[in-house]
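Below is one structure; the comments refer to it alone.
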Amino acid sequence: MENIVQKAKEEIKDVVLKALNEAKKEGLLNFESIQDVEVEEPKEKQHGDLATNFAMVMAREAKMAPRKIAEIIASKMNTSGTFIEKVEVAGPGFINFFLNQNFLIETLKLIHKRGKDYGRVNLGKGKKVQVEFVSANPTGPMHMGNARGGAIGDVLASILDYAGYNVSREFYINDAGNQIEKFGYSLEARYLQLLGIDAEVPEGGYHGEDIIDRAKEFLEIHGDKYKDVPSEERRKALIEYGLKKNIEKMKEDLALYGIEYDVWFSEQSLYDSGEVYKVIEELTEKGYTYEKDGALWFKMTLFGAEKDDVLVRSNGVPTYLASDIAYHKNKFVTRGFDWVINVWGADHHGHVAPMKGAMKALGIDPSRLDVVLMQLVKLIEGGQVVRMSKRTGKMITLRDLIEEVGKDAARFFFNMRSPDSPIEFDLDLAKQQTNENPVFYVQYAHARICSIIRQLEEMGVKIENIEDVDLGLLKEEEEVDLIKKLAYFPEEITIAAKTLAPHRITRYVIDVASLFHSFYNSHRVKGAEENLMKARFALILAVKTVLKNALDILKVTAPERM
RNA sequence: GCGCCUGUAGCUCAGUGGAUAGAGCGUUCGGCUCCGGACCGAAAGGUCGCAGGUUCGACUCCUGUCAGGCGCACCA
């Protein structure tokens, strides 16, 4: 068993269905077909630990008032040998279930037994899933949007890993196409300027300081060797150097941010291998393309898009759409991913329908592709919105962010909100955030537990075998609430994985910390009667395990002291 | 004009079709001679943008509408 809440829910379904059939046999209820039994967690404590709306759902079928049905089912229930302590019929026809002490005991035993694996579930059954995120243009440093995408994508990947998927993290390097050309012209202009030659960064080029830095480095290595060669040769050398250097820096910065990719995938490689041309051919053979104005168009409207789009420009150069289709075919067909998740900025949402359409055209089920769209980050400084642009060079980089607010706070902050929610990132607040940031609240709980554990160990208190501890002594309200929250961790992972909602984990871990602090302020571990002390020791060890595991998912450090 | 996202407490945000809509910050009041006060408890604070609809039940789903953000290139 890995998910005790799931087990309790299944017991309830089982008990309800048996009671239902029993009632039918006795002629108390009459129905032809039955609905699914859904078990949910009531918001109100007084409504029990778990509840089902089954009687209400069955009302129409059984032609009876829901409350009456609930009462009949409740009266026919046999709950022996289950986690169910008490059953109540309430409200319009809810059946509420209260769980017994054994549920709490088994929860703590489970956590002790599974340790660092507590929380892992086998939802994914080893299915291959790829999470592609950040994929920033390698033409300059990464910005706040990339920082958010990195935090979301990386945590999403961890969640899916915990949920039993075989996860691969991927960074797609846009090292081909128009932006790279502009990158080359921009570098060239800076290089020539450094050599005293009059040159302008072109319209739409990159004006940032980083471009000048690259040009200077290039000059140091090669001197004026590229001064008098043809522009094309000069740009090729500059691009080669600039890309290599930028990608190295991105790897470094992302590593500082706690992100390690399994695969760095080059767009250019899709051209080199011919995959771009092959996929264009495939679409053409299937009759999904046509020529107009000298360009080759993809009939996306056949697959749900609003309008057709260009695959190959009239100058013969394929568009980003063509290479992206080839890229996704590579993911699904060549590399055999069962499921692909892309984390994109909301400004790319128009690209979702075309990609799904293209997958359909290639015979790939588009439901295997999920795109998590995150709203962009709005940067506030001095109460003013800071306009950021790579082209003007005005920006706060990922590196700046890590240096100013720290990896832990940044990752936690970006995962506190739903990807759908736009973030206003107040720089002034972030810089002085040390005191109000919830990440410290959670870390504090962990450090506090570690401190108690150290003291208990010094006193020689030890838990040799969890079976020898009388966990039934944990009956205080704060203890019970805390244990129940711990029991939900695997369920939380499951829901976060199903709904691709990384922010659930930060909220969960805050809840755990909060319940722990409440417990701490009401009851003592050290100094309690010996058996109770041991039971509470076991409890805080379990809390520590859950905090640590959840923080590991977020890749936020769980300090022993702070 | 069309499409996507967002409108929930003073602020920042949660809320798998369920019962009395939650948390943090801020405000007010209170709590360690104590296992770590970076903590805890209590109070105040809401027409869930607006209007219809679906149903036993809607913050949640549908339609319309208003407001903000973002898209709608032979850029990515």
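All the letters of the first sequence, read from the start, carry residue numbers 69 to 630 under the working numbering.
All C-beta atoms in this analysis are idealised placements derived from N, C-alpha and C, irrespective of residue type, glycine included.
A quick note: this is a predicted structure, and the numbers were derived from the prediction, not measured.
Taken in chain order, the whole beta strand (DSSP E) runs of length 3 or more contained in the stretch 210 to 298 are 234 to 241. ASN164 is bridged by DSSP to ALA119, GLU156.
Around the CB of LEU497, fewer than 16 other CB atoms lie within 10 Å, so the residue is classed as exposed. Judged by their CB atoms, VAL199 and ILE409 are nearer to each other than the 7 Å cut-off.
PRO487 and THR207 have their C-alpha atoms spaced approximately 25 Å apart. Separation of VAL593 and LEU600 (C-alpha to C-alpha, rounded to the nearest whole angstrom) is 8 Å.
For LYS181, the enclosing alpha helix (DSSP H) starts and ends at 169 to 182.
Cβ atoms of LEU607 and ILE551 come within 8 Å of each other, at about 7 Å. Pairwise C-beta distances place the stretch 241 to 259 out of contact with the stretch 355 to 369, as fewer than three of them are shorter than 8 Å. DSSP places ALA363 inside the beta strand (DSSP E), whose first and last residues are 363 to 366.
With fewer than 16 other Cβ atoms from the protein chains shown falling within 10 Å of its own Cβ, ILE265 counts as exposed.
Around the beta carbon of HIS416, a 10 Å sphere encloses fewer than 16 other beta carbons of the protein chains shown; the residue is thus reported as exposed. CA-CA distance, LYS346 to LEU338, rounds to 10 Å. Counting only runs of at least 3 residues, the stretch 377 to 411 fully encloses the following beta strand (DSSP E) elements, listed from N- to C-terminal order: 377 to 380.
In this structure, ALA123 sits near PRO134, with a CB-CB distance shorter than 7 Å. Just so you know, the alpha carbons of SER203 and MET463 end up roughly 18 Å apart. Nearest in C-alpha terms to GLY213, of all of GLU560, TRP412, GLY418, is TRP412. Nearest to GLU156 by alpha-carbon distance, out of LEU167, GLY149, SER148, GLY218, is LEU167. Beta-carbon to beta-carbon, ILE432 and ALA390 are separated by about 16 Å, too far to satisfy the 8 Å threshold. Per the C-alpha coordinates, the member of VAL440, ASP361, VAL344, GLU359 positioned closest to ASN398 is VAL344. Where ASP438 is concerned, the enclosing beta strand (DSSP E) starts and stops at 437 to 442. For GLU79, same chain residues with a beta-carbon under 7 Å away, outside a window of 5 residues either side, are THR150, PHE151, ILE152 in chain order. In the three-state DSSP reduction, GLU449 falls in the strand class (E or B).
Annotated three-state conformation of ASP538 is coil, per DSSP. DSSP, read as helix, strand or coil, puts THR465 in strand.
Around the CB of SER254, 16 or more other CB atoms lie within 10 Å, so the residue is classed as buried.
Annotated as distal: THR465 and VAL189, with beta-carbon spacing of 7 Å or more. Proximity to ALA565 across GLY232, LYS602, GLU545, GLY540 peaks at GLY232, based on C-alpha coordinates. Distance from the CA of PRO570 to the CA of VAL614, rounded to the nearest whole angstrom, comes to 16 Å. Judged by DSSP in its simplified three-state form, VAL624 adopts coil rather than helix or strand. Beyond the five residues adjoining it in sequence on each side, ASP376 comes within less than 7 Å, by CB distance, of TRP365, PHE366, LYS367, MET368, THR369 in the same chain, given in chain order.
By the CB criterion at 7 Å, LEU306 and GLU271 fall outside the cutoff. It is roughly 53 Å from the alpha-carbon of GLU70 to the alpha-carbon of GLU249. The stretch 439 to 454 makes no contact with the stretch 177 to 194: fewer than 3 CB pairs, one atom from each, lie closer than 8 Å.
Here the stretch 215 to 223 does not lie against the stretch 280 to 295, with fewer than 3 beta-carbon pairs under 8 Å apart. Measuring C-alpha to C-alpha distances from ILE280 to each of ARG302, GLU109, GLY310, SER299 identifies GLY310 as the nearest.
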